[in-house]
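J.:
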Amino acid sequence: MEKYFDASYIFEALPMLIPFLKVTFYVTVLSVLFGSIIGLILAIMKLGKNKIGQKIANGYTTILRCTPSIVLLFLVYYGVPALAGSFGIDLNSLDTSVFVIITFSLQFGAYMSEVIRSAYESIDKGQYEAAVSVGLSPVQAYWRIIFPQAFVVALPNFGNSLLELMKEGSLAYTIGLIDVMGKANLIIAGNINAHALEIYIALSLIYWVLSIAIEQFFFRLEKLFSKGKQVIKTT
Amino acid sequence: MSDGLDFEFLIDTFFVALSGVPIALLITVVSLLIALPLGFLLALTRINKIPVLNRFAQVYVSFVRGTPVIVQIFIIYNSVPLLLSSIFKEYGININVYEINPIWYAFIVFSLNTTAILIEVFRSSISTVSKGQLEAAQSVGLTNVQAFRRIIIPQTLVVALPNICTATVNLIKATSLGYALSLHEITLRAQVAANASYNYVEAYLDIFIVYLIICSLVEYLFKVYEKRLTKYKSAAA
Numbered sequence: 005m006e007k008y009f010d011a012s013y014i015f016e017a018l019p020m021l022i023p024f025l026k027v028t029f030y031v032t033v034l035s036v037l038f039g040s041i042i043g044l045i046l047a048i049m050k051l052g053k054n055k056i057g058q059k060i061a062n063g064y065t066t067i068l069r070c071t072p073s074i075v076l077l078f079l080v081y082y083g084v085p086a087l088a089g090s091f092g093i094d095l096n097s098l099d100t101s102v103f104v105i106i107t108f109s110l111q112f113g114a115y116m117s118e119v120i121r122s123a124y125e126s127i128d129k130g131q132y133e134a135a136v137s138v139g140l141s142p143v144q145a146y147w148r149i150i151f152p153q154a155f156v157v158a159l160p161n162f163g164n165s166l167l168e169l170m171k172e173g174s175l176a177y178t179i180g181l182i183d184v185m186g187k188a189n190l191i192i193a194g195n196i197n198a199h200a201l202e203i204y205i206a207l208s209l210i211y212w213v214l215s216i217a218i219e220q221f222f223f224r225l226e227k228l229f230s231k232g233k234q235v236i237k238t239t
Numbered sequence: 018m019s020d021g022l023d024f025e026f027l028i029d030t031f032f033v034a035l036s037g038v039p040i041a042l043l044i045t046v047v048s049l050l051i052a053l054p055l056g057f058l059l060a061l062t063r064i065n066k067i068p069v070l071n072r073f074a075q076v077y078v079s080f081v082r083g084t085p086v087i088v089q090i091f092i093i094y095n096s097v098p099l100l101l102s103s104i105f106k107e108y109g110i111n112i113n114v115y116e117i118n119p120i121w122y123a124f125i126v127f128s129l130n131t132t133a134i135l136i137e138v139f140r141s142s143i144s145t146v147s148k149g150q151l152e153a154a155q156s157v158g159l160t161n162v163q164a165f166r167r168i169i170i171p172q173t174l175v176v177a178l179p180n181i182c183t184a185t186v187n188l189i190k191a192t193s194l195g196y197a198l199s200l201h202e203i204t205l206r207a208q209v210a211a212n213a214s215y216n217y218v219e220a221y222l223d224i225f226i227v228y229l230i231i232c233s234l235v236e237y238l239f240k241v242y243e244k245r246l247t248k249y250k251s252a253a254a
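Going line by line, the protein sequences match chains L and R. Note that my numbering has the first sequence beginning at 5, numbered continuously upward. Note that my numbering has the second sequence beginning at 18, numbered continuously upward.
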């Protein structure tokens with residue numbers, strides 16, 4: 005078959021792809037949720053006084069940062085069932101989305117631990133001391149004074165990590181998850197590889213719009229929360 | 018599923034994966050060589066607000082940062098042959114576009130991608146160097162090129178280096194997607210080795226270790242270089 009470019013395929017592919025965004029969202033949201041929990045634990049380890057805890061948390065972050073998502077994805081996809089198999093647990097029938105969520109939670113945890121750590125460290129120690137000195141309990145001081153300030157600092161980095169996660173999430177098609185990327189590949193396979201370009205362009209448009217939307221959302225959110233606050237201007 | 022790891026295979030495949038390192042590094046180096054000057058120039062257009070180029074760079078950066086690398090790879094992989102074959106037909110050049118070594122596509126994709134990342138890196142780092150530096154350089158009689166080469170770029174580089182390091186590491190990681198271009202780099206080589214005996218866990222452990230080694234090395238080298246460059250830092254502070 006002669007290959008040629010036909011823009012109408014882009015618009016035809018869009019309505020077919022968009023319903024599958026919910027799989028992408030589902031994976032992303034759950035990964036963010038679990039990843040944030042992992043990140044919080046790691047950040048606490050990094051900020052804690054325990055030397056071994058610090059080493060483990062820093063090592064974890066370095067290792068995860070050096071691993072391509074696709075390698076981690078396959079390592080989890082093949083490794084976890086094999087590991088569970090040696091304990092006599094059969095995980096082979098598990099849904100692929102579970103492996104995707106495990107992978108990206110692990111990865112997002114590494115990023116989040118750095119985001120949380122740097123946000124926490126950006127808050128002046130005097131804030132906590134002042135809070136305690138006026139009679140707040142340590143928990144109250146953290147919850148009412150430190151957390152709201154650190155949250156604003158963390159927002160842009162959190163947004164960036166979220167974007168990164170969403171983009172990396174497109175690799176989940178390699179282990180057979182049908183999200184937008186997987187669906188695009190299915191459509192192309194159904195067309196016997198014709199018009200692959202148009203469908204990938206449609207896909208890139210979806211991701212692009214989504215990224216801009218998320219970016220804008222976090223930008224607005226940041227503005228909203230930093231209202232009335234004395235934030236040191238950064239360039 | 019076999020019980021435990023097959024250590025013999027683990028060690029054999031480690032060297033198979035290692036043999037893919039030169040290709041991964043070649044792509045990284047070529048992409049960086051193209052992307053560094055291009056990124057710097059486009060960053061200058063962003064800062065100086067040159068009408069058309071500024072807008073172009075903005076949209077370009079937004080697109081590259083807003084879409085997954087794998088989608089970019091597929092777009093280039095599908096569009097470049099189409100473009101080339103129509104150009105070749107126009108001028109009557111008799112080259113089969115489908116026999117081009119996939120490494121050329123990898124060069125295109127990764128240099129385009131890295132350029133976009135570096136535009137942002139340079140944009141933020143150039144803006145940390147105060148305008149007075151350029152004016153001072155000009156006032157003592159340096160030409161614009163000299164001023165940039167001797168005054169602005171060294172100071173910019175100090176600020177930009179950690180981010181360039183991150184970009185490089187990300188680039189090396191991204192070359193693992195070369196399998197989509199059937200490029201025989203680290204990931205694909207080990208995958209092929211694993212296909213024969215279904216030792217996927219071992220193969221991916223090997224790939225994992227290889228990337229860990231390369232990325233740690235690159236980070237270490239950048240740290241060393243950063244130390245050497247700090248002599249320019251006092252000027253920036």
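Don't be surprised by glycine CBs; every beta carbon is placed ideally from N, CA and C. Quantities reported herein were computed from a predicted structural model and do not represent experimental measurements.
1. With respect to 6 Å, is the separation between the Cβ of D183 (chain L) and the closest non-hydrogen atom of the ligand NAP below this value?
2. Use the C-beta contact count for N212 (chain R): other C-beta atoms within 10 angstroms, 16 or more gives buried, fewer gives exposed.
3. Let me make sure I understand the geometry here. Which of R:S96, R:R140 and R:Q89 has the alpha-carbon closest to that of F57 (chain R)?
4. Starting from the C-beta of I8 (chain R), find all residues in its chain whose C-beta is less than 6 Å away, skip the five residues before and the five after it, and write them out in chain order.
5. Looking at the unbroken alpha helix (DSSP H) that takes in P171 (chain R), where does it start and where does it end?
6. Taking Cβ to Cβ, would you say F127 (chain R) is nearer than 7 Å to I224 (chain R)?
7. Below 8 Å on the Cβ atoms is my contact criterion, and I expect A113 (chain L) with G52 (chain L) to pass it. Report the Cβ-Cβ distance as a whole number of Å.
8. So, helix, strand or coil for K227 (chain L), using DSSP?
9. DSSP state of A123 (chain L), grouped into three classes?
10. Give the DSSP-derived three-state secondary structure of K66 (chain R) in the structure shown.
11. Is S19 (chain R) helix, strand or coil when you go by DSSP?
12. I'd like to check one pair, G43 (chain L) with I106 (chain L): are the Cβ atoms closer than 7 Å?
13. Taking K148 (chain R) as the reference, give the member of R:T132, R:E137 and R:Q172 with the closest Cα.
14. When the cut-off is 7 Å and only beta carbons count, does G37 (chain R) lie next to chain L?
15. Mind pulling the alpha helix (DSSP H) runs of 4 or more residues that sit fully within the stretch 80 to 137 of chain R?
16. If I measure Cβ to Cβ from V240 (chain L) and keep anything under 7 Å in the same chain, skipping five residues before and after, which residues do I get?
17. Answer with yes or no whether the minimum CB distance from W212 (chain L) to chain R is below 7 Å.
18. Quick one: which residues of the stretch 198 to 224 of chain L get their C-beta closer than 7 Å to a C-beta of chain R? List them in chain order.
19. Rounded to a whole number of angstroms, what is the C-alpha to C-alpha distance between L21 (chain L) and L140 (chain L)?
20. Do A184 (chain R) and I136 (chain R) have their CB atoms nearer than 7 Å?
21. Is any beta-carbon of chain R found at less than 7 Å from that of S230 (chain L)?
22. In terms of residues, what are the limits of the alpha helix (DSSP H) holding Y217 (chain R)?
23. What three-state label does DSSP hand I93 (chain L) in the structure shown?
24. So which of L:I210, L:A200, L:A217 and L:F222 has the shortest CA-CA distance to Y13 (chain L)?
25. Using beta-carbon positions only, say whether S215 (chain L) and V156 (chain L) come within less than 7 Å of one another.
26. Please classify N111 (chain R): is it buried, with 16 or more other beta-carbons within 10 angstroms of its beta-carbon, or exposed?
27. Indicate whether at least one CB of chain R lies closer than 7 Å to the CB of Y13 (chain L).
28. Would you kindly work out how many angstroms separate the C-alpha atoms of P85 (chain L) and V76 (chain R), rounded to a whole number?
29. Of all the options R:C182, R:L42 and R:V175, which has the alpha carbon lying nearest to the alpha carbon of L246 (chain R)?
30. Closer than 7 Å between beta carbons: that is the criterion. Which residues of the stretch 223 to 235 of chain R meet it against chain L?
31. So, at 7 Å on beta carbons, what are the nonlocal neighbours of I93 (chain R) in its own chain, with the 5 sequence-adjacent residues on each side left out?
32. Does the Cβ of N95 (chain R) have 16 or more other Cβ atoms within 10 Å, making it buried, or fewer, making it exposed?
33. Check whether the Cβ atoms of I179 (chain L) and Y81 (chain L) lie closer than 7 Å to each other.
34. Below 8 Å on the Cβ atoms is my guess for Y241 (chain L) versus V88 (chain R); work out the distance and round it to an integer in Å.
T.: Looking at the coordinates:
1. In terms of ligand content, the structure shown is empty, and the ligand NAP therefore cannot be addressed.
2. exposed
3. R:R140
4. Nothing about residue 8 (chain R) can be reported from this structure: the residues present for chain R run from 18 to 254 only.
5. I170 to A191
6. no
7. At residue 113 (chain L) the sequence reads Gly, which differs from the Ala that was named. Actually they are not in contact, since the Cβ atoms of G113 (chain L) and G52 (chain L) sit about 16 Å apart, beyond 8 Å.
8. helix
9. helix
10. coil
11. Because S19 (chain R) sits at a pLDDT of 48, beneath the cut-off of 50, its placement in the model cannot be relied upon, and the point is left open.
12. no
13. Comparing Cα positions, the closest option is R:Q172.
14. no
15. 86 to 108
16. The structure shown does not extend to residue 240 (chain L), since chain L is modelled only from 5 through 239, so no value can be given for it.
17. Yes, its Cβ sits closer than 7 Å to a Cβ of chain R.
18. A200, L201, Y204, I205, L207, S208, Y211, W212, S215 and I216
19. Straight-line spacing of the CA atoms in L21 (chain L) and L140 (chain L) works out to 52 Å.
20. no
21. no
22. Y217 to L246
23. coil
24. Looking at the Cα atoms, L:A200 is the closest of the given residues.
25. no
26. exposed
27. no
28. 43 Å
29. Of the candidates R:C182, R:L42 and R:V175, R:V175 places its Cα closest to the Cα of L246 (chain R).
30. I224, F225, Y228, L229, C232 and S233
31. Y122, I125 and V126
32. buried
33. Yes.
34. Outside the displayed range of chain L (5 to 239) lies residue 241 (chain L), so it cannot be described from this structure.
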